[in-house]
Amino acid sequence: MNSLISSKLPKDFYQRDAAELAPDLIGKIFCRKLSSGIIAGRIVEVEAYDGRVDEASHSFGGITRRNEVMFGGGGFLYVYFTYGMYYCCNVVAGIKGTGQGVLIRGIEPIEGIALMSRNRYGRRKVTGQEKINLTSGPGKICIAFGITKKNNGVDLTGDRIFLAEGGDADNFSVVCSQRIGIKKSRELEWRFFIEGNNYVTKHKLNKTFKTFGSQ
DNA sequence: CCACGGATTGGCT
DNA sequence: GCCAATCCGTGGA
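Its first residue numbered 39, the first sequence is counted upward by one per residue in the working numbering.
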């Protein structure tokens with residue numbers, strides 16, 4: 039795990055437009071250090087939001103109490119509450135004042151699976167299908183990682199919640215599609231994911247993806 | 001496998 | 001009052 043910390047992504051990695059940052063977040067490691075242990079996983083699905091041009095973005099209508107973290111410049115965590123019971127988290131993107139973020143939608147667990155399971159199901163052991171269900175969606179990720187409103191605004195260059203380089207195992211192809219669960223700005227193809235990965239949200243758009251790039 | 005509806009509360013008109 | 005960047009259980013094909 040020291041290798042994760044030494045490859046922590048620097049602030050300037052995040053200081054560019056969300057639509058550009060988003061595909062580069064695929065394959066990176068999302069890590070949380072708790073007193074009970076480390077929870078970490080590989081990002082496999084994201085969506086970009088940019089309030090300057092994107093009506094679906096929480097930041098589209100200008101700064102409010104809820105979305106102010108999105109305007110603070112890249113490299114912070116924006117956590118919001120939705121549907122009366124779920125949290126979702128974004129990596130803030132861009133330069134200060136622009137109101138951009140990248141929603142983390144799918145993570146492949148790497149470390150701390152028992153901790154994730156305790157948070158999701160109240161017990162440490164998981165079956166195969168339950169493991170896939172741990173983090174295959176934005177609300178599920180926040181439950182598994184124990185992320186709530188209290189973590190809104192956390193600096194991602196700190197030592198408790200951060201992103202790290204993916205290491206040597208990142209042979210995958212990134213594809214894109216329209217975003218999921220929104221009604222405005224549907225035409226933007228700002229959802230990026232690893233084709234065929236088990237931890238990508240199950241959706242019919244998974245069949246109509248477009249190739250985007252590979253590493 | 002797929003489609004649909006209910007849960008439940010904060011944010012904004 | 002209306003609606004939401006979701007999830008889960010149910011019911012039918």
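Ideal placement from N, C-alpha and C gives every residue a C-beta, glycine not left out.
Would you kindly work out how many angstroms separate the C-alpha atoms of residue i and residue j, rounded to a whole number?
i, j, result
"Asn190", "Ile220", "22 Å"
"Tyr339", "Leu153", "Since the first residue shown for the chain is 39 and the last is 253, residue 339 is missing from the structure and cannot be characterised."
"Val255", "Phe200", "Nothing about residue 255 can be read from this structure; the chain reaches only from 39 to 253."
"Lys240", "Asp50", "33 Å"
"Gly89", "Cys127", "16 Å"
"Gly122", "Gly177", "12 Å"
"Thr102", "His96", "9 Å"
"Lys245", "Ala60", "20 Å"
"Gln216", "Tyr125", "22 Å"
"Ile133", "Tyr116", "15 Å"
CB residue i to CB residue j, shorter than 9 Å?
i, j, result
"Ile145", "Ile179", "yes"
"Val129", "Gly113", "yes"
"Thr195", "Leu47", "yes"
"Gly100", "Phe210", "no"
To which residues does DSSP link residue i through a beta bridge?
i, result
"Cys180", "DSSP lists no partner for Cys180."
"Glu149", "Ala78"
"Asn128", "Tyr116, Leu141"
"Ile232", "Val212"
"Tyr87", "Gly139"
"Ile199", "Arg70"
What do you get for residue i, buried or exposed, if any count of 16 or more other CB atoms within 10 angstroms of its CB means buried?
i, result
"Asp62", "buried"
"Val238", "buried"
"Gly175", "buried"
"Leu172", "buried"
"Asp197", "exposed"
Count the C-beta pairs between the stretch 131-138 and the stretch 106-113 that are closer than 8 Å, then say yes if the count reaches three, no if not. A contact exists between the stretch 131-138 and the stretch 106-113.
Is the stretch 75-84 in contact with the stretch 227-236, if contact means three or more CB pairs nearer than 8 Å? The stretch 75-84 vs the stretch 227-236: in contact.
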